[in-house]
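As structure tokens, the structure follows; a few thoughts come after it.
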Amino acid sequence: MNAILISILQFINLIISIYIWVVIIAALITWVQPNPYNPIVQFLWNVTEPVYRWIRRYIPTRFGGFDIAPIILILALEFLQILINNIIISL
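Counting from 63, one number per residue, gives the positions in the sequence shown under this note's numbering.
Below, the structure is given as structure tokens:
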């Protein structure tokens with residue numbers, strides 16, 4: 063039973079890692095004025111913007127013309143990964 067739980071937690075950890083990279087790529091792409099009709103840009107927007115909106119609803123994220131929603135999201139996901147890793151270690 064522990065092996066199944068560990069496998070599930072490791073899979074969740076992998077998904078979080080991939081999503082962190084998606085957030086980083088989406089943040090970097092916004093600096094170069096991408097074509098909004100590009101399928102990759104639309105995918106990145108559709109995957110990250112709902113979470114950014116949720117963060118912006120509760121936390122002011124605009125400081126000096128910069129949006130720190132991606133940074134807040136990455137920090138939260140890193141914290142979640144630390145929790146998952148601690149659970150895996152304790153099993």
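Cβ atoms here follow ideal geometry from the backbone N, Cα and C, with glycine treated the same way.
Where the alpha helix (DSSP H) containing residue i begins and where it ends
i	result
residue 143	131-152
Distance CB(residue i)-CB(residue j) smaller than 9 Å
i	j	result
residue 95	residue 150	no
residue 91	residue 103	yes
residue 139	residue 78	yes
residue 106	residue 117	no
residue 146	residue 74	yes
residue 101	residue 114	no
Environment of residue i [buried if 16+ CB atoms lie within 10 Å]
i	result
residue 88	buried
residue 65	exposed
residue 76	exposed
residue 99	exposed
message = Suppose only complete runs of 4+ residues qualify. What are the alpha helix (DSSP H) ranges in the region 71-102, listed by chain order?
response = Qualifying alpha helix (DSSP H) stretches: none in this window.
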